[in-house]
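Structure, as structure tokens:
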Amino acid sequence: MRSISRAALRPYVCDSCRYGVGAGRRRFATTSNQTPEIYDVVCVGGGPAGLGLLAALRASPVTSKLKVALVETQDLRKARSWSLDSSQFSNRVSSLTPSTVEFLQRIGAWEYLDVERVQKYQDMQVWDGETGSRISFDWSMETSPFEEMRTVATMTENANLVRGLLSRIEASGDENLKLFSNTTVASIENGSDLQTEGPDLSAWPILSVAPTAQGEQSQPPTRIAARLLVGADGINSPVRSFADISTQGWDYNRHGIVATLALGEPEKPSFPANTRTAYQRFLPTLGGPIALLPLPNNHATLVWSTTPENAAYLKSLSTPAFLAMVNAAFRLSMTDLKYMMGMDRTSDQFSHEDELIWRLQHTPQPSQIPPSAIGVQEGTVASFPLRFRHASQYISPRVALVGDAAHVIHPLAGQGLNLGLADVAALSRTIEYAVSHGMDIGDLLTLERYSSERYLPNAKIGGACDLLHKMYTIPGQGPITWARSLGLDVIDRLPFVKSFLMKNAEGY
Amino acid sequence: MTALRPHSLALRALRASPTIRPSYRNISLLPSTIPRKTPNTRAHSTSSVSADEVSHFSKLASSWWDPMGPSRILHLMNPLRHEFIASCLSDSPPSGPSTAANLNYLDIGCGGGIFAESLARTIPLDPSSQAPAPTPTRAASMTAIDPTTQLIQIARDHARMDPTVEAHMRSGRFKYLNTTLEDVLAGSVTDTSSTPSTHQQFDMVTLFEVIEHIDPTTTTPQAFLANCLRALKPGGWLIGSTISRTFPSWILNQVIAEAPWPIGVVPRGTHEWSKFVNPSELHSWAQEGLMRAADTNVSKAGPAALDGMRWKCVGAVYVPGLGWKLVPGSEDWGNYFWAVKKGL
Chain A
-18 MRSISRAALR
-8 PYVCDSCRYG
2 VGAGRRRFAT
12 TSNQTPEIYD
22 VVCVGGGPAG
32 LGLLAALRAS
42 PVTSKLKVAL
52 VETQDLRKAR
62 SWSLDSSQFS
72 NRVSSLTPST
82 VEFLQRIGAW
92 EYLDVERVQK
102 YQDMQVWDGE
112 TGSRISFDWS
122 METSPFEEMR
132 TVATMTENAN
142 LVRGLLSRIE
152 ASGDENLKLF
162 SNTTVASIEN
172 GSDLQTEGPD
182 LSAWPILSVA
192 PTAQGEQSQP
202 PTRIAARLLV
212 GADGINSPVR
222 SFADISTQGW
232 DYNRHGIVAT
242 LALGEPEKPS
252 FPANTRTAYQ
262 RFLPTLGGPI
272 ALLPLPNNHA
282 TLVWSTTPEN
292 AAYLKSLSTP
302 AFLAMVNAAF
312 RLSMTDLKYM
322 MGMDRTSDQF
332 SHEDELIWRL
342 QHTPQPSQIP
352 PSAIGVQEGT
362 VASFPLRFRH
372 ASQYISPRVA
382 LVGDAAHVIH
392 PLAGQGLNLG
402 LADVAALSRT
412 IEYAVSHGMD
422 IGDLLTLERY
432 SSERYLPNAK
442 IGGACDLLHK
452 MYTIPGQGPI
462 TWARSLGLDV
472 IDRLPFVKSF
482 LMKNAEGY
Chain B
5 MTALRPHSLA
15 LRALRASPTI
25 RPSYRNISLL
35 PSTIPRKTPN
45 TRAHSTSSVS
55 ADEVSHFSKL
65 ASSWWDPMGP
75 SRILHLMNPL
85 RHEFIASCLS
95 DSPPSGPSTA
105 ANLNYLDIGC
115 GGGIFAESLA
125 RTIPLDPSSQ
135 APAPTPTRAA
145 SMTAIDPTTQ
155 LIQIARDHAR
165 MDPTVEAHMR
175 SGRFKYLNTT
185 LEDVLAGSVT
195 DTSSTPSTHQ
205 QFDMVTLFEV
215 IEHIDPTTTT
225 PQAFLANCLR
235 ALKPGGWLIG
245 STISRTFPSW
255 ILNQVIAEAP
265 WPIGVVPRGT
275 HEWSKFVNPS
285 ELHSWAQEGL
295 MRAADTNVSK
305 AGPAALDGMR
315 WKCVGAVYVP
325 GLGWKLVPGS
335 EDWGNYFWAV
345 KKGL
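So the protein lines, in turn, are chains A and B. Mapping to the working numbering: the first sequence position 395 is 376, numbers consecutive. Mapping to the working numbering: the second sequence position 240 is 244, numbers consecutive.
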């Protein structure tokens, strides 16, 4: 956090040294005096965060006249024309909090999403596989009988969101808008002083962009200057490297397994009718929680955080065995699960399915278990490493980081994308304020408004997820296990604490 | 009472060049006397600036645009200036109900250009456009003046770092002039395109953090305000900000704000509390100024010059961690914005 550190340094560090402290190492002056094309906002990265920023800027009458560009390595036309059969779902699914949905509605993007493919849920069951302590986030107690059930979150395929945002951006017209699809950033350098020929761009980032091998678009201008360069370019952000911003963090040594599942009919119909529930069970012995989040037509998306060894084992199983393991993970004791995770997958004698049926007879079941998973959509079982990263600062002169470029958190609360879109909402508000008050949108005095709004909330939620992960990977019946279960039980019984947590989870 | 000063005194005061120190943040380090010009030569000389002050000043100049430097609190106040101007224009626009960007601004004592550059950034690139202005300040042009050569140079150098502002400088819609208000009034800097008149007049004249730095040994604030109002077209607004001279403001601005780090936010010696101006004083000076400004006009003088005058005043409070806020009624606490509208 530059502002605090620099302010604190002021009395102790002489001026010339202080300039060295803050300025970063951006001294790659170009020799070319060719005037680059000048944009107000250049966003590197066309994921949900980058596209969300563009859509938000185009939606506000104050910022819609800004000249904006987006640079994306992938083919945006492919993302724009994405389509999938209504019984099939992508395995990259995100849980959008009500405040994120509100933001998407405000910028006019929500109406471009295929709402047949999104699924709201109103109830959330979370329990500890070791002790059985549980907490139920049932919004019905927060809702008066006369209004519609409050939504905990809305499940949306990322591809559906990206397609909707792209449609929204396209619908805003192409004046002052340039999408560099299939394009990579070859280099980012500081510009040069054009002396009598033009402005002094020596403190402006100049991007050299080049089409990727398979891109066959019209040759884009190779050099573009950015009044504000936004890094929405993910965990290994090139923009962050250019700005010389460091990140702190660690790898969890865990993998998240995702899959799209078909569910069997629930044993008892949901009440009130047509409500859906999300389930999450912490499995300390296996290294992380398993979650089943609802999708339309009785489908669900699986997110199972576990050790890389368990992940490799699960991915190598046959479909029936994989389904047996998923169902077992919500039902059996830690000891049983540990045994099943080590079963010889080539043995014909004992299958995972038989093992599950036999062991279920001897395991008392709580009331909150999800319906059985009965099918896996082909090709959707995948895994990704879980990491924690937080950039030391989000801003630098003429640079702002959003989304994964600024922070990567444990997915156990499904907050990653929501934080990214909250960044984007804050940055677009900041830009709007700057434009209407004559401020330079790339100036630190402008950008610190964004940074001060987002840094602490992101650190808080990232830290909370990290703490939860660490608490729930301690197996056995030690004091921490006892304390966390007591904590969960207490929270579940204290309505005001729970209601506070639920409000936080909603993103307000 | 000041409104009834003898005519001769008013004229004498007019001839005196006001000593403007452009920013309250850095005042103690700025040259204490700006060279006085004679009407015949209208040339500036820096000879009366001591080497010691120049060295102080050079150190300061490099940090003028440093967002974390000693001018930070002034940078943070800048958006409020835009908001206050917007509120004046929405109360009573200078001429007719137009929403186009058609107002010509004069910024007196622009210093390093914090306000002037930010306003210039809102000027539309297409000058002929009758479309609604992009911002409620409706700027069509900005002329920013300051008698300090080094500050004007800093301002120009910084403006070149923004292509939009640089384009406005090239087209002449935005200019920094190293000159005094008296030179502007004498017509020496009137550009040829403007209507022939004795001197150029502006729709909007701004005077941010200047009036409390007028050197009382060379001129009076009354005379200086009268000159500002002379530069204003009928119907235009003169808008400024300053600090009131009250007990709370003494505590806030002298004791707390200039306290040693980490409490203080302003370098020691920035302000002289005795030079602060109260809203009521400013109001009466503005009235006197309007009459004095009209004195050069044979047709209208005396209380008739106050017809259609408007007065607006609102306090501004700096809350550490939250920034500046406009707080009506807090005028006596310290910083406040004020505005005078010249009758049509």
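Every residue, glycine too, gets a C-beta built ideally from N, C-alpha and C.
Please state whether DSSP places B:Asn108 in a helix, a strand or coil. strand
If you drop the 5 nearest sequence neighbours on each side, which residues of the same chain put their C-beta closer than 6 Å to that of A:Ala207? Tyr20, Val23 and Pro186
How should A:Glu248 be labelled, buried or exposed, when 16 other C-beta atoms within 10 angstroms of its C-beta is the threshold for buried? exposed
Determine, using beta carbons only, whether B:Glu213 comes closer than 8 Å to chain A. no
Straight-line Cα distance separating B:Thr224 from B:His287: 15 Å
Collapsed DSSP secondary structure at A:Phe331 in the structure displayed: coil
Going by alpha carbons, who is nearest to B:Asp166 out of A:Thr287, A:Ser148 and A:Asp174? A:Asp174
Given 8 Å, three or more beta-carbon pairs between the segment 153 to 165 of chain A and the segment 47 to 56 of chain A: yes
Use the C-beta contact count for B:Arg69: other C-beta atoms within 10 angstroms, 16 or more gives buried, fewer gives exposed. It is worth fixing the name first, because residue 69 of chain B is Trp in this sequence and not Arg. Per the 10 Å Cβ criterion, buried.
Mind checking if B:Asp166 is an interface residue toward chain A, Cβ cutoff 8 Å exclusive? yes
Burial state of A:Leu400 (16 or more Cβ within 10 Å): buried
At least one CB of chain A closer than 8 Å to the CB of B:Ser122: is that the case? yes
Where the beta strand (DSSP E) through A:Trp285 begins and ends: His280 to Thr287
With 8 Å as the limit, tell me which residues of the segment 405 to 430 of chain A have their beta carbon closer than that to any beta carbon of chain B; keep them in chain order. Tyr414, Val416, Ser417, His418, Gly419, Met420, Asp421, Asp424, Leu425, Leu426 and Glu429
Excluding sequence positions up to five away, which residues of its chain have a Cβ less than 6 Å from the Cβ of B:Thr139? Thr126
DSSP state of B:Val302 mapped onto helix, strand, coil: Note that B:Val302 scores 48 on pLDDT, short of 50, meaning its location in the model is unreliable; the coordinates nonetheless yield the value given after this. In this structure, B:Val302 counts as coil in the three-state DSSP scheme.
Excluding sequence positions up to five away, which residues of its chain have a Cβ less than 7 Å from the Cβ of A:Ala213? Cys24, Val25, Gly26, Gly28, Ala30, Gly31, Leu34, Val383, Gly384 and Ala386
Taking the CB atoms as reference points, tell me whether B:Ile89 and B:Ile243 lie closer together than 8 Å. yes
Which residues in the same chain as B:Leu256 place their Cβ atom closer than 8 Å to its Cβ, once the five residues preceding and following it in sequence are excluded? Trp337 and Gly338
Is B:Leu123 helix, strand or coil when you go by DSSP? helix
With B:Glu213 and B:Ala163 assumed to form a contact (beta carbons below 8 Å), what rounded beta-carbon distance in angstroms separates them? About 20 Å; that fails the 8 Å criterion.
Return yes when the Cβ of B:Thr147 is within less than 8 Å of the Cβ of B:Leu181, no when it is not. yes
In terms of alpha-carbon separation, which member of A:Ile88, A:Ser117, A:Ser76 and A:Phe84 lies closest to A:Arg98? A:Ser76
Three-state secondary structure assigned by DSSP to A:Arg98: helix
Could you confirm whether any beta carbon from chain A is found closer than 8 Å to the beta carbon of B:Tyr28? For B:Tyr28, the predicted structure reports a pLDDT of 35, less than 50, and the residue's modelled location is therefore unreliable. A value from the coordinates is still provided. No, because no Cβ of chain A sits closer than 8 Å to the Cβ of B:Tyr28.
Mapping DSSP to helix, strand and coil, what is A:Arg149? helix
Could you compute how far the alpha carbon of A:Ala363 sits from the alpha carbon of B:Ala320? 57 Å
The segment 180 to 192 of chain A: positions lying closer than 7 Å to chain B by Cβ: Pro180, Asp181 and Ala184
Which partner residues does A:Val416 have in the DSSP bridge list? Answer by DSSP bridge pairing: none, since A:Val416 is not bridged.
Check for me: the alpha helix (DSSP H) holding B:Gln226 runs from which residue to which? Pro225 to Arg234
Separation of A:Ala415 from B:Glu74, as counted between CA atoms: For the sequence presented, residue 74 of chain B should be read as Pro rather than Glu. Roughly 22 Å between the two C-alpha positions.
Residue-level contact to chain A via CB, B:Asn257, 8 Å cutoff: no
Cα-Cα separation between B:Ala263 and B:Ile77, rounded to whole angstroms: 15 Å
Chain B residues whose Cβ lies nearer than 8 Å to that of A:Ile19: Pro167
Of the residues A:Val220, A:Ala167, A:Gln86 and A:Ala240, the one placed nearest A:Thr300, counting alpha carbons only: A:Ala240
Rounded to whole angstroms, how far is the Cβ of A:Ile355 from the Cβ of A:Gly245, which I believe are closer than 8 Å? 5 Å
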